[in-house]
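Below is one structure; the comments refer to it alone.
Protein chains in written order, with the numbering used here: chain A, 1291 to 1488; chain B, 1291 to 1488.
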């Protein structure tokens, strides 16, 4: 079986998280740049994380001829009926950014009491193989939305996502891998990959 | 082919909308009560309207042995990244109601300018047949969220959903059938049913 996998992401911090977890499997993970190709931008038109992750993994696999891992993830806030969900990256509009997304979220939850501020980070990872095989895994991390941005690490909604009294932007990479939605989802995916390789 | 169809809904206003549109097809539509049976409550666990409508239609068909029409619908507010969506009925919590849902929505959109108040009502209808055939249709109606509840008709989010300067709670049943998400979705579904019967 192939030992070089493509990782379909342009988000360098996401890529580094993925690399950190998949390398111990003995899988050589490369981005499209490292392979000297350029993946098409995939429009994330799915209604669910699963649809988007699958779209990206299958497109990357088709274009590279290699097994391709892709991830789709986002924040689901209970008070907002699961929003921003698949629209997490675009919550403050097409020209938004992390700071604008977090500011919008904090404003919407301004007067909301602590017990109603529950939220989940969700990650779905897919690995698509050239023979059509698809492996999928889902991970969730439950927390609460804080009242302000805290911490300098992480990315996205990490500074407002609180678990055990700390924000995701305050904890180490190792702590985050063990707690986080993406860490859990990749742990399940790498277990499924291991079974394929035995 | 069967001429008696089951309608899977406990919402009487929804049932009346469905009846009004399907009766002209010569299809005798009955609720579970009228058939002397009691459908199990289907947990709407789907992530999409389509999944929920399909769950309800297939469950109703299985339990009655009749073709069964079901609908899932909700409001998708652009500023809220598509929320409340599949959670529309439960937006203000399990013990909420239309008034609480509308109050919550208006509060979340309090300072939001008119051009950012765009929203869509979405309806997906499914008809499941005992032989496993499934017909599906989707309808959308684009509008804006108003600044207060207006009108005495309709149900759900109708009093805050504005199209052409009027709320959905102000217009006649006939106007609503021609404009609404459910009207459009049922028009497509009844067209598909007609083709089956020719």
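Positions of the beta carbon are idealized from the N, C-alpha and C atoms, including for glycine.
Quick check on residue 1449 of chain B: does DSSP put it in helix, strand or coil?
Residue 1449 of chain B: helix per DSSP, three-state reduction.
Extract the residue ranges of the beta strand (DSSP E) inside the stretch 1420-1484 of chain A, only unbroken runs of 3 or more that lie entirely within it.
Complete beta strand (DSSP E) runs here, min 3: 1424-1435 and 1451-1453.
Count the other C-beta atoms from every protein chain shown that fall within 10 angstroms of the C-beta of residue 1486 of chain A, then say buried if there are 16 or more, exposed otherwise.
Classification of residue 1486 of chain A: exposed, given that the 10 Å Cβ count is below 16.
Establish whether the CB of residue 1411 of chain B and some CB of chain A are separated by less than 8 Å.
No, its Cβ sits nowhere closer than 8 Å to a Cβ of chain A.
So what does residue 1402 of chain B bridge to, in DSSP terms?
Paired residues: none, contrary to the question.
Does any CB atom of chain B fall closer than 8 Å to the CB of residue 1447 of chain A?
Under the Cβ distance rule, residue 1447 of chain A does not count among the residues neighbouring chain B, no pair being separated by less than 8 Å.
On the three-state DSSP scale, how would you describe residue 1322 of chain B?
If DSSP states are grouped into helix, strand and coil, residue 1322 of chain B belongs with coil.
Does any C-beta atom of chain B lie closer than 8 Å to the C-beta of residue 1334 of chain A?
With 8 Å as the cut-off, residue 1334 of chain A does not count as an interface residue toward chain B.
C-beta contact flag for residue 1361 of chain A and residue 1343 of chain A at 8 Å
Result yes, Cβ atoms of residue 1361 of chain A and residue 1343 of chain A sit closer than 8 Å.
Residue-chain proximity (residue 1289 of chain B, chain A), Cβ-Cβ < 8 Å:
The requested residue 1289 of chain B does not occur in the structure, where chain B is confined to residues 1291 to 1488.
Give me the subset of the stretch 1357-1374 of chain B whose CB atoms are less than 8 Å from a CB atom of chain A, sorted by chain position.
Those would be 1370, 1371, 1372, 1373 and 1374, in chain order.
Leaving aside the five residues before and after residue 1338 of chain A along the sequence, list all residues of the same chain whose C-beta is less than 7 Å from its C-beta, in chain order.
Within the same chain, 1376 come within 7 Å of residue 1338 of chain A by CB-CB distance, once the 5 residues on both sides are set aside.
Run down chain A in chain order and give the residues with a C-beta less than 7 Å from the C-beta of residue 1377 of chain B.
The answer, in chain order, is 1371 and 1372.
Quick one, which residues of the stretch 1337-1348 of chain A are near chain B if we go by CB-CB under 7 Å, in chain order?
Within the stretch 1337-1348 of chain A, the qualifying residues are 1337 and 1338.
Below 7 Å on C-beta distance, what does residue 1398 of chain A contact in chain B?
Chain B residues near residue 1398 of chain A: 1398.
Would you say residue 1381 of chain A reaches chain B, if we count a Cβ-Cβ gap shorter than 8 Å as a contact?
Interface residue (Cβ-Cβ distance to chain B less than 8 Å): residue 1381 of chain A is classified as such.
Would you mind sorting residue 1403 of chain A into buried or exposed? The rule is 16 or more other CB atoms within 10 Å of its CB.
Around the C-beta of residue 1403 of chain A, fewer than 16 other C-beta atoms lie within 10 Å, and the residue is accordingly described as exposed.
Per-residue burial, residue 1302 of chain A [other beta carbons within 10 Å of its own, 16 or more giving buried]
That one is exposed.
Collapsed DSSP secondary structure at residue 1375 of chain A in the structure displayed:
It is helical.
Taking residue 1424 of chain B as the reference, give the member of B/1350, B/1466, B/1385 and B/1409 with the closest Cα.
In this structure, B/1350 is the residue among B/1350, B/1466, B/1385 and B/1409 with its C-alpha nearest to the C-alpha of residue 1424 of chain B.
Between the alpha carbons of residue 1395 of chain B and residue 1441 of chain B, how many angstroms are there, rounded?
Distance between the alpha carbons of residue 1395 of chain B and residue 1441 of chain B: 17 Å.
In chain order, what residues of the same chain have a beta carbon less than 7 Å from the beta carbon of residue 1472 of chain B, not counting five sequence neighbours either side?
So the list reads 1307, 1361, 1363, 1413 and 1429, once near-sequence residues are dropped.
How long is the line joining the alpha carbons of residue 1390 of chain B and residue 1399 of chain B, rounded to whole angstroms?
Answer to the nearest angstrom: the Cα atoms are 14 Å apart.
With DSSP run on the structure shown, which of helix, strand or coil describes residue 1410 of chain A?
In this structure, residue 1410 of chain A counts as strand in the three-state DSSP scheme.
For residue 1381 of chain A, which of B/1433, B/1371 and B/1448 has the nearest alpha-carbon?
Among B/1433, B/1371 and B/1448, the Cα nearest to that of residue 1381 of chain A is on B/1371.
Suppose only complete runs of 3+ residues qualify. What are the beta strand (DSSP E) ranges in the stretch 1346-1397 of chain B, listed by chain order?
If we require 3 residues or more, the beta strand (DSSP E) runs fully inside the stretch 1346-1397 of chain B come out as 1358-1367.
Count the other CB atoms, across all protein chains shown, that sit within 10 Å of the CB of residue 1335 of chain A; report buried if there are 16 or more and exposed otherwise.
Residue 1335 of chain A should be labelled exposed.
Test item: CB-CB of residue 1356 of chain A and residue 1294 of chain A under 8 Å:
The Cβ-Cβ distance between residue 1356 of chain A and residue 1294 of chain A falls below 8 Å.
In this structure, does DSSP put residue 1418 of chain A in helix, strand or coil?
Residue 1418 of chain A falls in the strand class under three-state DSSP.
Under the three-state reduction of DSSP, which class applies to residue 1296 of chain B: helix, strand or coil?
Residue state, collapsed to three classes: strand.
For residue 1317 of chain A, name the three-state secondary structure that DSSP assigns.
Collapsing the DSSP output to three states places residue 1317 of chain A in coil.
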